[in-house]
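Step one of this worksheet: look at the structure below.
Protein chains: 2
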Amino acid sequence: MARVSQAHLDARRRQILDAAALCFARNGFHATSMQDVLKEADLSAGAVYRYFSGKEELIAAIVSEVLGEVRAAFDEAARQSPPPPPDLLVASVLGRTLATRESLTVDGVPAFPRLVVQAWSEIPRNAQLAAVLREGYDSVRAAWGRIVEGYQKSGRMRADIAPDHVARTMIAAVTGFIAQQALFGPAPVDILRDGLRALMSVPAEPPAGSQLG
Amino acid sequence: MARVSQAHLDARRRQILDAAALCFARNGFHATSMQDVLKEADLSAGAVYRYFSGKEELIAAIVSEVLGEVRAAFDEAARQSPPPPPDLLVASVLGRTLATRESLTVDGVPAFPRLVVQAWSEIPRNAQLAAVLREGYDSVRAAWGRIVEGYQKSGRMRADIAPDHVARTMIAAVTGFIAQQALFGPAPVDILRDGLRALMSVPAEPPAGSQLG
DNA sequence: CAACTTAAAACGAACGTTCCTTCTTGACAA
DNA sequence: TTGTCAAGAAGGAACGTTCGTTTTAAGTTG
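Protein sequences appear in the order of chains A and B.
So in UniProt numbering, spot 60 of the first sequence is number 60, and the numbers just go up one at a time.
So in UniProt numbering, spot 6 of the second sequence is number 6, and the numbers just go up one at a time.
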């Protein structure tokens, strides 16, 4: 096989990445051997090492892809106009996240949430990945903070709390729910949306310093 | 050294566990070699293998400890009487979680949140740990569900949403914030408490089927 | 035929673990 | 109180295995 088409090269690369993602979702990055990946991809070592310089590059490629998908989901949700209320915003980013690579399953459950958790676990080890994640996180935080500011300026949300704190809280809700999916299997997005909606109906303590009756 | 006191044996065991926890928080379970642990514990292989049958047992011991601490934090928060409102409930469990093993730091930041994420990443690989986690999660979910029911019955929260959904949402918020700490370093608990408090001030969509003005 | 992909065997390094030795300790006899 | 001894904890080199990777040869296509 010589001078194959670019499409073929791309397909091979994707085939390897998909096989690796499956193995990684099953066993984690470092408990997965290259030979596991080779077997899953039904390819030989020579073939795989033509596309990736080694295991670390394979891990980095998948982590980047996963983090990129998550960030894209957050960004897309933030671009909705007009900005939906918090419960819908959170639900839409979660739905979009869980829709990525839906066909890639391990034991019948989606592999993607597990890959997200695996990616998190890899961050402390890799400064470059950490920088990418940090950049994406900061950007999402800022975008969501602006949306929260909108809530507050339009009077839909009390204004005595830093928008950034609310943004971080909403992000925590989404990522926490992704973790739940990774650990306990899939669940409808409605759970988080409704749960948030219920919380939104609870009367909170008044702002500190406010006049008491 | 022969027939040393039980206290000494316990101290050695803890010394090994602490060293391993530090290494694991730094590099993850499987990228940490036994020799890394030996060096960190300042002990020889013979010593460590007298207390643990192997690396897997070391990992299992630490994961169990970490999950146990997290579960204890959730349980303690749920035992508060009378049950605090959601923002305070969430803040108290988070505070309690982050207070565990506070002195165990890597690069100056607490190791515990990282260990939590590492534990999550290990779950798909180990059915026994998964069962332990599942049991703890279900129990916390049920306990928090009962609290939410209390909110609803006392009229502090709209009652048209399943208590379990709210419980899962609050758990997601806490775990998501733990993940943030693991990835981006420590942050005050107040962020999550205030963020939740702000969300609680947002008027939500009325229940489906409710009469429209 | 030329160019290049794939297969497969094999390599060195690093891993987890074991094994044997050395050293320490507490118990006990004198 | 002191000296001796057995028990067993710790040390550390060495083992076999497995890993990621490289190399070499065969195969395939334009």
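All residues carry an ideal CB built from backbone N, CA and C; glycine is no exception.
Residue i touches chain B at which residues, Cβ-Cβ below 7 Å?
i                : result
Leu98 (chain A)  : By Cβ distance, chain B contributes nothing, its closest Cβ being about 13 Å from Leu98 (chain A), past 7 Å.
Arg158 (chain A) : Ala198 and Ser201
Counting only beta-carbon atoms, is residue i nearer than 8 Å to chain B?
i                : result
Glu65 (chain A)  : no
Met200 (chain A) : yes
Gly16 (chain A)  : Note on residue identity: the sequence assigns Ile, not Gly, to residue 16 (chain A). Answer no: the Cβ-Cβ gap between Ile16 (chain A) and chain B never drops below 8 Å.
Glu149 (chain A) : no
Phe52 (chain A)  : no
Ala91 (chain A)  : no
Asp194 (chain A) : yes
Ala11 (chain A)  : no
Leu212 (chain A) : For Leu212 (chain A), the predicted model reports a pLDDT of 43, less than 50, meaning its position is unreliable; a value from the coordinates is still stated below. Closer than 8 Å: no.
Would you mind working out which of the options sits nearest residue i, comparing C-alpha positions?
i                : options                                   : result
Gly28 (chain A)  : A:Ala130, A:Ala111, A:Pro163 and A:Ala162 : A:Ala111
Pro203 (chain A) : B:Pro206, B:Ala131 and B:Arg197           : B:Arg197
Gly108 (chain B) : B:Ile123, B:Gly195, B:Met200 and B:Ala25  : B:Ala25
Ala41 (chain A)  : A:Ala11, A:Ala61 and A:Glu69              : A:Ala11
Ile67 (chain B)  : B:Val117, B:Gln152 and B:Gly176           : Note that residue 67 (chain B) is Leu in the sequence shown, not Ile. Of the candidates B:Val117, B:Gln152 and B:Gly176, the one whose C-alpha sits nearest the C-alpha of Leu67 (chain B) is B:Val117.
Leu17 (chain A)  : A:Ala60, A:Ser5 and A:Leu98               : A:Ala60
Asn126 (chain A) : A:Ser64, A:His8 and A:Ala45               : A:Ser64
Val90 (chain B)  : B:Pro206, B:Leu183, B:Glu205 and B:Gly176 : B:Gly176
Arg158 (chain B) : A:Val140, A:Leu192 and A:Leu199           : A:Leu199
Leu115 (chain B) : A:Pro124, A:Leu115, A:Pro113 and A:Arg114 : A:Pro124
Tyr51 (chain B)  : B:Arg96, B:Ala73, B:Gln15 and B:Ala72     : B:Gln15
Ile192 (chain B) : A:Glu122, A:Ala187, A:His30 and A:Pro163  : Just to set this straight, residue 192 (chain B) is Leu in the shown sequence, not Ile. Looking at the Cα atoms, A:Pro163 is the closest of the given residues.
Arg141 (chain A) : B:Phe184, B:Val189, B:Pro85 and B:Val148  : B:Phe184
Pro186 (chain A) : A:Pro113, A:His8, A:Val70 and A:Ala20     : A:Pro113
Lys39 (chain B)  : B:Ala19, B:Gly46 and B:Ala131             : B:Ala19
Pro206 (chain B) : B:Ile161, B:Arg168, B:Asp190 and B:Ala167 : B:Ile161
Arg134 (chain A) : A:Glu149, A:Gly150 and A:Val70            : A:Val70
Met34 (chain B)  : B:Lys55, B:Gly150 and B:Ala72             : B:Lys55
Arg146 (chain A) : A:Ala73, A:Ser53 and A:Ser81              : A:Ser81
Gly136 (chain A) : A:Pro188, A:Glu76 and A:Tyr151            : A:Glu76
Met170 (chain B) : B:Leu58, B:Val4 and B:Val93               : B:Val93
Ala78 (chain B)  : B:Asp190, B:Ser139 and B:Ile178           : B:Ser139
Glu57 (chain B)  : B:Ala73, B:Leu129, B:Gly46 and B:Pro188   : B:Leu129
Ser154 (chain B) : B:Arg3, B:Pro84, B:Val37 and B:Ile178     : B:Pro84
Ser121 (chain B) : B:Gln6, B:His30 and B:Leu22               : B:His30
His165 (chain B) : B:Val174, B:Val148, B:Thr105 and B:Ala73  : B:Val148
Ile62 (chain B)  : B:Ala119, B:Gly150 and B:Ala131           : B:Ala119
Ala172 (chain B) : A:Ala167, A:Arg168 and A:Gln180           : A:Gln180
Ala73 (chain B)  : B:Ala45, B:Trp144, B:Gly195 and B:Asp36   : B:Trp144
Gly195 (chain A) : A:Ala131, A:Tyr151 and A:Leu88            : A:Leu88
Gly150 (chain A) : A:Arg101, A:Ser5, A:Arg168 and A:Pro86    : A:Pro86
Would residue i count as contacting chain A if we go by Cβ distances under 8 Å?
i                : result
Arg197 (chain B) : yes
Ala143 (chain B) : no
Ala179 (chain B) : yes
Ile191 (chain B) : yes
Taking residue i as the query, report the chain B residues whose CB atoms sit under 8 Å from its CB, ordered along the chain.
i                : result
Ala173 (chain A) : Thr169, Ala172, Ala173 and Gly176
In chain A, which residues lie with their C-beta within 8 Å of the C-beta of residue i?
i                : result
Phe184 (chain B) : Arg134 and Tyr137
Check the Cβ of residue i against every Cβ in chain B and list those closer than 9 Å, keeping chain order.
i                : result
Asp87 (chain A)  : Leu199, Val202, Ala204 and Glu205
Ile161 (chain A) : Asp194, Gly195, Arg197, Ala198 and Ser201
For residue i, return the contacting residues in chain A, with the cut-off set at a CB-CB distance below 7 Å.
i                : result
Val166 (chain B) : Gly195, Ala198 and Leu199
Problem - Residues, ordered as in the chain, of the stretch 14–48 of chain A that lie near chain B by beta-carbon distance below 8 Å - result: Ala25, Arg26, Asn27, Gly28, Phe29, His30 and Ala31
Problem - Complete runs of the alpha helix (DSSP H) confined to the stretch 148–195 of chain A [at least 4 residues] - result: 163–184
Practice task
Determine which residues of the stretch 111–127 of chain B have a Cβ less than 8 Å from any Cβ of chain A, and write them out in chain order.
Solution key: Arg114, Val117, Gln118, Trp120, Ser121, Glu122, Ile123, Pro124 and Arg125
Handout entry: 4 or more residues per run - each alpha helix (DSSP H) lying fully within the stretch 101–154 of chain A
Key = Runs of the alpha helix (DSSP H) inside the stretch 101–154 of chain A: 112–122 and 127–153.
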